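Inspection log for the structure reproduced underneath, given as structure tokens.
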Amino acid sequence: MAKAAPIPGFADASSFRDAAAAVVAVRAEEVFEHRDGVLDTREIENVHDMRVATRRLRAALEIFAVCFPKKPHRRLLKEVKALADALGERRDRDVAIAALDDAARVLTATERPGLKRLAGELRSEQAAANDALARKLDEIDADDLRGRLLALAASGRTQ
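Numbering of the sequence shown is given in our numbering, commencing with residue 50 and proceeding in unit increments.
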């Protein structure tokens, strides 16, 4: 799991609003830093890392909600939750497939066919979840989720 990035200037923030802006900006950037390779089903930790980053961002948005304009904040939080859900759908299949692969290593050849069939079904579900995740990523690119999150963070800074 990727370690949370430190928040530069957090300890020296002059206000709760400035701290909020710094935290949300860093956590938003973290989400998008983990994007490369997230659709590669052979590297399941990419999805895990991006999902964890969305959970950190979501927590920051919830904790610091009072620091941001209500309507944009609510809309962005909803979008971050939707991204986390899409990542979670893919991640659930990744974990199940990995568990079946581990189990298959200790089974005899006569015990493996049922497991192989279940793994095939899960791989189909994984592919569908990956397609849904790809659509969600295209959507957040088109809607500039990253830019809007950074703009929200900047709106929280005190003058």
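A virtual CB, placed ideally from N, CA and C, is assigned to each residue, including glycine. Here the structure is a predicted model, which is why all the values come from computation and not from measurement.
Legend entry - Inter-stretch contact at 8 Å, needing at least 3 Cβ pairs: the segment 107–126 / the segment 185–192: The segment 107–126 vs the segment 185–192: no contact.
Legend entry - Interface flag, R140 vs chain B, CB-CB below 8 Å: Given the protein chain composition of this structure (a single chain), no chain B is represented.
Inset, instruction - Give the DSSP-derived three-state secondary structure of S173 in the structure shown. - result: Position 124 of the sequence shown, counted from the start, is the residue given in the question as residue 173. Annotated three-state conformation of S173 is helix, per DSSP.
Legend entry - Contacting residues, own chain, Cβ-Cβ under 7 Å from I146 (five flanking each side not counted): Locating residue 146 in the sequence shown gives position 97, where the first residue counts as 1. Excluding sequence positions up to five before and after I146, its CB lies within less than 7 Å of the CB of A168, L171, R172, Q175, all in the same chain and listed in chain order.
Legend entry - C-beta contact flag for P121 and L201 at 8 Å: What you label residue 121 is simply residue 72 of the sequence shown in a count that begins at 1. What you label residue 201 is simply residue 152 of the sequence shown in a count that begins at 1. Yes.
Inset, instruction - Taking only the alpha-carbon atoms, compute the straight-line gap between L149 and L164 and give it to the nearest angstrom. - result: To locate residue 149, count along the sequence shown from 1; it is residue 100. To locate residue 164, count along the sequence shown from 1; it is residue 115. Going by the C-alpha atoms only, they are around 7 Å apart.
Inset, instruction - Using beta-carbon positions only, say whether A68 and F81 come within less than 8 Å of one another. - result: Counting from 1 along the sequence shown, the entry for residue 68 is found at position 19. Counting from 1 along the sequence shown, the entry for residue 81 is found at position 32. Contact flag unset, no.
Legend entry - Close-in-space but distant-in-sequence residues of the same chain around L126 (CB under 6 Å, 5 per side omitted): In the sequence shown, counting from the first residue as 1, residue 126 sits at position 77. Only L110 meet the Cβ criterion.
Inset, instruction - Measure the C-alpha to C-alpha separation of T103 and R206 and round it to an integer number of angstroms. - result: Here residue 103 refers to the residue found at position 54 when the sequence shown is read from its first residue. Here residue 206 refers to the residue found at position 157 when the sequence shown is read from its first residue. Taking the straight line joining both Cα atoms gives about 22 Å.
Inset, instruction - Return the residue from the list S64, A74, G137 that minimises the CA-CA distance to D98. - result: Within the sequence shown, the letter at position 49 stands for residue 98. Of the candidates S64, A74, G137, the residue whose Cα lies closest to the Cα of D98 is G137.
Inset, instruction - Taking only the alpha-carbon atoms, compute the straight-line gap between R91 and I112 and give it to the nearest angstrom. - result: Here residue 91 is taken as the residue at index 42 of the sequence shown, counted from 1. Here residue 112 is taken as the residue at index 63 of the sequence shown, counted from 1. R91 and I112 have their C-alpha atoms spaced approximately 35 Å apart.
Inset, instruction - Leaving aside the five residues before and after A77 along the sequence, list all residues of the same chain whose C-beta is less than 7 Å from its C-beta, in chain order. - result: Residue mapping note: residue 77 aligns to position 28 of the sequence shown, counting from 1. Once the five neighbours on either side are set aside, the close Cβ partners of A77 are L106, R195, L198, L199, A202.
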